[in-house]
Amino acid sequence: MAAPTIQDILNWLSSLARGHYPEDCLYEGKPENAATGVLFCWMANAGARQAALDSGVNVLVSHEAPYYVTRNVDPGCPPPEEWQVNQNIKQYYASHGVAIIRSHRTLDAYCIPRLFAEHLGFPAPAVREGYEGYDFTLVYDLPRQSFSALTAQLGKKMQLATVRASACDPAKPVSRVGIGWGGVSLSTNLQYMEKLRRHGVEVVLGGEVDEYALEYYRESGMEWIELGHYASEIIGLAATATDLARRFPQLKVECYRDAARRMAHYAL
Ligand SMILES: [Fe+2]
Ligand SMILES: [Fe+2]
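Just so we're aligned: the sequence shown equals residues 3 to 270 in my numbering.
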């Protein structure tokens, strides 16, 4: 059987979700080229880019954006394509002949929040709502327990030494939780958190939480537990890599796990 082309990989990825999302496409590389292998990653950062070269694969599939961007860049600031970091990334793809595909909302719709909840040992969702199969409202009823017991249990499941969480009464009993996996619990996505609140969610499970969002949680009467943006999404990315390997058994498929990406905590 002939090696799959990059277009074959694109077609397979777009078959995973009912919706089609403009950010999910080929950013660098030629679709007609044969794929020598695929490396899935949460971000196509320097470590992932080097790992692709070390493994001899010529396709990266990244969940987050391949270039660093911000919305609404002021006219006084150079546009993102002129930033040093993005020029270095562009140079990498040009000189190594590696292709980069983003698969963002496609993989969120396909499996990422569902597999995060399964990893945490949750039952079937009590509420599952969304749009064209993208279920961004996911609510679970857990056995009633104290907030501190829930925090400890989830931290252990994610193999965390410490857990960042809201400063409520640790003995507060909670049972209804909502998923704010990845960056869904950030302030840029508060609309989805408000949907969780309307379903009676007591605790939001991120992902990551910024301080603007945590003020919203406090004023909305919801607690939050932060389990990690990368950590909550890499589970689904690894599963997708396994699924692609099943679809193209002759293709080398790997998932880049970026332990060194994690930040350090300093005791003062
Ligand atoms: Fe995501
Ligand atoms: Fe994300």
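All residues carry an ideal CB built from backbone N, CA and C; glycine is no exception.
Bounding residues of the beta strand (DSSP E) (the contiguous stretch that carries Pro175): Pro175 to Gly182
Integer Cβ distance of Arg178 from Val141, believed to fall under 8 Å: 6 Å
For Phe149, the three-state DSSP class (helix, strand or coil): Helix.
Reduced DSSP category for Val40 - H, G, I as helix; E, B as strand; rest coil: strand
Same chain, Cβ closer than 8 Å to Lys254, five either side skipped, listed in chain order: Thr38, Gly39, Val40, Ser57, Gly58 and Val59
CB of Trp44 within 8 Å of CB of Leu239, strictly: yes
Same chain, Cβ closer than 7 Å to His231, five either side skipped, listed in chain order: Excluding positions up to five away in sequence, the list reads Gly184, Gly185, Gly209 and Glu210.
Closer than 7 Å: His121 CB and nearest ligand 1 heavy atom: For ligand 1, not one heavy atom lies less than 7 Å from the Cβ of His121.
Pick from Leu62, Glu83 and Ser168 that is closest to Val2, judged by C-alpha positions: The first residue shown for the chain is 3 and the last is 270, placing residue 2 beyond what the model contains.
Beta-bridge partners of Val255, as assigned by DSSP: Val40
Distance cut-off 7 Å: His267 Cβ against heavy atoms of ligand 2: no
First through last residue of the beta strand (DSSP E) which encompasses Val206: Val205 to Gly208
Residue list, Cβ distance to ligand 1 heavy atoms smaller than 5 Å: Asp110 and Gly184
Best match in Leu216, Ser222 and Leu28 for proximity to Thr271 [C-alpha to C-alpha]: Outside the modelled stretch of the chain, which goes from 3 to 270, sits residue 271, for which no answer is possible.
Beta-carbon contacts of Gln9 that lie in its chain and below 8 Å, excluding the five residues immediately before and after: Pro33 and Glu34
Ala19 in three-state terms, based on DSSP: Ala19: coil per DSSP, three-state reduction.
Limits of the beta strand (DSSP E) - the one that Ala101 falls within: Ala101 -> beta strand (DSSP E) spans Ala101 to Arg104.
Whether Phe272 touches Val75 by CB criterion (8 Å): Nothing about residue 272 can be reported from this structure: the residues present for the chain run from 3 to 270 only.
Which residues DSSP lists as bridging Ala167, in chain order: Note: Ala167 is bridge-paired with Ile227 in the DSSP secondary-structure output.
Contact under 8 Å by Cβ, Leu162 with Ile237: no
Span of the beta strand (DSSP E) around Gly49: No beta strand (DSSP E) holds Gly49; the alpha helix (DSSP H) holding it covers Ala48 to Ser57.
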